[in-house]
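Okay, so here's the structure we're looking at.
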Amino acid sequence: MTHLWPVRVYYEDVDLAGIVYYANYLRFIERARSEMIRAAGIDQAAMRAAGHVFAVTRVEADYLRPARYDDTLEIETSVAAVSRVRFVLEQTVRRDGTDLFRARVTIVCMDTDGRPRRLPAEVAGIKASDDP
1 MTHLWPVRVY
11 YEDVDLAGIV
21 YYANYLRFIE
31 RARSEMIRAA
41 GIDQAAMRAA
51 GHVFAVTRVE
61 ADYLRPARYD
71 DTLEIETSVA
81 AVSRVRFVLE
91 QTVRRDGTDL
101 FRARVTIVCM
111 DTDGRPRRLP
121 AEVAGIKASD
131 DP
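Residue 1 is where the sequence shown starts when you use the numbering used here, and the numbers rise one by one after that.
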């Protein structure tokens, strides 16, 4: 599964030089992940009500080129791997087809007390991008 999500860079996203502050890329990709999960038909509010939540356990990030104030960016999110309790996403932030930022994000499912839980069936059934 691959998902695309657009974002515009606002004044609040940049530093004094007009360049996106490095931590804001994490906010951008978080929103894109939430939208991908929603597009896959997964209701995170219902999951939480059932006692299950997602948590990020690892982020590997590469900052390649700066994004600037008023840029229109596109975030591509794809599923790299799925196991019984975690899934790994690859996310790329682009401007006009040029990669600016890449991240590999590991997400686990746990109960509201922080104990690991199996992924819900609708999540476990998502195929990685390289699966047939």
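Glycine included, C-beta positions come from ideal geometry on N, C-alpha and C.
Hey, quick one: how far does the alpha helix (DSSP H) through residue i stretch, first residue to last?
i: Y25; result: 24-39
Please state whether DSSP places residue i in a helix, a strand or coil.
i: D15; result: coil
i: R118; result: coil
i: V9; result: coil
i: T112; result: coil
Given a threshold of 16 other Cβ atoms within 10 Å of its Cβ, counted over all protein chains shown, does residue i qualify as buried or as exposed?
i: Q44; result: exposed
i: D111; result: exposed
i: L64; result: exposed
i: L16; result: exposed
i: Y21; result: exposed
i: A32; result: buried
i: D113; result: exposed
i: Y11; result: exposed
i: R84; result: exposed
i: D99; result: exposed
i: T72; result: exposed
i: R86; result: buried
Where do the ends of the beta strand (DSSP E) carrying residue i lie?
i: V123; result: Per DSSP, V123 belongs to no beta strand (DSSP E); it is in the alpha helix (DSSP H), 121-124.
Using the DSSP secondary-structure output, state which residues sit across from residue i in a beta bridge.
i: T2; result: S78
Is any heavy atom of the ligand GTP found at a distance shorter than 8 Å from the C-beta of residue i?
i: T106; result: The model on display carries no ligand, and the ligand GTP is accordingly not part of it.
Report task. Please specify which runs of the beta strand (DSSP E), each continuous and at least 3 residues long, are wholly inside the segment 36-103, giving them in chain order. Result -> 52-63, 72-82, 86-95
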